[in-house]
Amino acid sequence: MNTNIHTGSYIINKLVDNELSIASLDRIMQLTGKTYPELKNSLRILVRDGQLSMIEKGLYVVRNFRDPYVIGTAMLKESAVAYWSALNLHGLTEQIPNIVYLQSIHSKRDKEVFGVRYKFVKVKPKKICGITTLGYGNGEFRITDTEKTLLDCFDLPQYSGGYEELIRAFYHAKISSTRLFEYGMKMGNLSVLKRLAFLSELFEMKGFSRFREQVLKILNQRYTLIDPMGLNKGEFVSKWRIRLNISRNDLLGMIKNMY
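Residues 296 to 554 (the numbering used here) make up the sequence shown, in order.
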């Protein structure tokens, strides 16, 4: 028992010395220079006594650490906070998501940790781009940047917190239209680029002339619904090969409604 207590203190000290609030079993073994059989009982005691919590097999957090974004990205390799969660963190919506959305090329079942629900969205490798970080030290986590967040939300609007809110976010966002086009091409989603080009023209958004020219050059003949989750009805806009299942007036009304 004394050996377990000593080893437990050693584990905690190593985590503190390295400013780690969350660590995998592999990382703990690396820090302590001990094998899992040597650590097993000490880790069990630390969890029992509340000094550590095991949020899933082989992943531990120290007492009272509850940052949902750090925890979420730690649970899935190469993941990033995305979609509605990223919209909120970038200040593009005041709606607070009740789920933390994460994006990765790897799959993982949705789960709940410390009362927070996590949704893991698997995407193709070509859709991974525009990753940055927020926070610092042991509070740092990966997140999609503003341009990539908007593209992701228009790509999978069911994870965006509402289409009206998303359109308003696009209108108010301070973004690079050049980066928006580059990311959109990498993702290979022409439908999203068509929607954004049409909306930028309808809303008379500054700095999007070149973006629209580039999208016009790659248009296909297929008509795309402005709201992909809506009914297949409404005005056809031949210039952009867009069908307006939300009217122009309704779209304009959306951007006039502040948060």
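Backbone N, C-alpha and C fix where the C-beta goes; we use that ideal spot for every residue, glycine too.
Query                                                                                       : Result
Environment of L526 [buried if 16+ CB atoms lie within 10 Å]                                : exposed
Cα-Cα separation between K406 and N393, rounded to whole angstroms                          : 13 Å
Pairwise C-alpha distance: T302 and E459                                                    : 54 Å
Euclidean distance between Cα positions of R412 and V395                                    : 6 Å
Member of G434, F493, M482, F409 whose CA lies at the smallest distance from the CA of R536 : F493
Where K443 falls, given that 16 or more other Cβ within 10 Å makes a residue buried         : buried
Residue burial classification, H401 (beta-carbon count within 10 angstroms, cutoff 16)      : exposed
Paired residues, beta bridge with V408 - DSSP                                               : V411
With 16 other Cβ atoms within 10 Å as the buried cut-off, status of L488                    : buried
Entirely enclosed alpha helix (DSSP H) segments - the segment 456-485, minimum 4 residues   : 458-467, 472-482
Range of the contiguous alpha helix (DSSP H) that encloses A381                             : 378-384
Residues near L315 in its chain [Cβ-Cβ closer than 7 Å; skip 5 each side]                   : N433
Alpha-carbon spacing of I340 relative to R404, whole angstroms                              : 28 Å
Residues bridged to A375 (per DSSP)                                                         : Q398
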